[in-house]
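*Asks:* Just so it is clear: in the sequence shown, position 114 is 238 by my numbering, and no numbers are missing.
Beta carbons: idealized from backbone N, C-alpha and C, even for Gly.
Given the structure is predicted, the values throughout are model-derived calculations rather than measurements.
What follows is a single structure, and I will ask about it in a moment.
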Amino acid sequence: MHGTNVLGAVIDGTYLTALTMNDSLFQAGKPMEYIWTRASFDSYVWMGGAGCSLALVIAVLVFSKRADSRAVCKMSAPMAVFNINEPVVFGMPIVLNPIYFIPWLLVPAVLTIVAYLVTAAGWVPYAHIVVPWVVPPVLYAFLATG
């Protein structure tokens, strides 16, 4: 089961509505009201897929000395750039490995808190544009915030 797809049914009612409201306010030249929208999750939390898997792929490629982990991440990297993380999630494996699973669960919570605070502080603009989920993370944030 895809966590982001399961959550999508629950969060889109609130956060996709906030995204469209922000865009309507932006188009009308009014200040946007909603700090956190659906695009905020894709921009700042689910980079490389659920659990910010792109960060794991990069960390393994830079720091790991294990040939098997590096091989999985080398093959997974092109897909992780486009937010497809099944190869790394099941290839490492993350789900049945507490060394990977615990950070995989905690990192999105930390990213959400940090991104919310940075957005609320005005350091980055509010997200208000719908962008396809397969857009690479940094470009996604740039496009979603206009």
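Should Pro-256 go down as buried or exposed, given a rule of 16 or more other Cβ atoms within 10 Å for buried?
*Replies:* Classification of Pro-256: exposed, given that the 10 Å Cβ count is below 16.
*Asks:* Nearest by alpha-carbon distance to Pro-249: which of Ala-133, Thr-269, Thr-236 and Val-231 is it?
*Replies:* Among Ala-133, Thr-269, Thr-236 and Val-231, the Cα nearest to that of Pro-249 belongs to Thr-269.
*Asks:* For Tyr-139, collect the residues of the same chain with a Cβ closer than 6 Å to its Cβ; drop the 5 residues on either side in sequence, then sort them by chain order.
*Replies:* Excluding positions up to five away in sequence, the list reads Thr-161 and Arg-162.
*Asks:* Whole angstroms are fine: how far does the CA of Ala-244 sit from the CA of Ser-167?
*Replies:* Distance between the alpha carbons of Ser-167 and Ala-244 is about 15 Å.
*Asks:* Return the residue from the list Val-262, Val-254 and Val-259 that minimises the CA-CA distance to Ser-148.
*Replies:* When each option's Cα is compared against that of Ser-148, the closest is Val-254.
*Asks:* Roughly how many angstroms separate the alpha carbons of Thr-141 and Ala-251, rounded to a whole number?
*Replies:* So the alpha carbons of these two residues sit roughly 12 Å apart.
*Asks:* Three or more C-beta pairs closer than 8 Å, one from the segment 232 to 241 and one from the segment 213 to 223: is that the case here?
*Replies:* In short, these stretches do not touch, since the Cβ pair count stays below three.
*Asks:* Determine the closest residue to Thr-128 out of Ala-174, Glu-210 and Ile-159, with distance taken between C-alpha atoms.
*Replies:* Selected option, being the one with the closest Cα: Ala-174.
*Asks:* In the DSSP assignment, find the alpha helix (DSSP H) that holds Pro-222 and state where it starts and stops.
*Replies:* Where Pro-222 is concerned, the enclosing alpha helix (DSSP H) stretches over 222 to 244.
*Asks:* Measure the C-alpha to C-alpha separation of Gln-151 and Glu-157 and round it to an integer number of angstroms.
*Replies:* Cα to Cα, Gln-151 sits roughly 13 Å from Glu-157.
*Asks:* Whole angstroms are fine: how far does the CA of Pro-260 sit from the CA of Phe-266?
*Replies:* Approximately 10 Å between the Cα atoms of the pair.
*Asks:* Between which residues of its own chain and Asn-146 is the CB-CB distance below 8 Å, once the five residues before and five after are set aside?
*Replies:* Met-156, Glu-157, Tyr-158, Thr-161, Tyr-250, Ala-251 and His-252, listed in sequence order.
*Asks:* Out of Ile-223, Phe-206, Tyr-224 and Ile-226, which one is the CA nearest neighbour of Trp-170?
*Replies:* Checked all of Ile-223, Phe-206, Tyr-224 and Ile-226; the closest Cα to Trp-170 is Phe-206.
*Asks:* At what residue ranges does the segment 143 to 210 contain a whole run of the alpha helix (DSSP H), taking only runs of 4 or more?
*Replies:* Segments of the alpha helix (DSSP H) lying fully in the segment 143 to 210: 162 to 168, 177 to 187 and 191 to 205.
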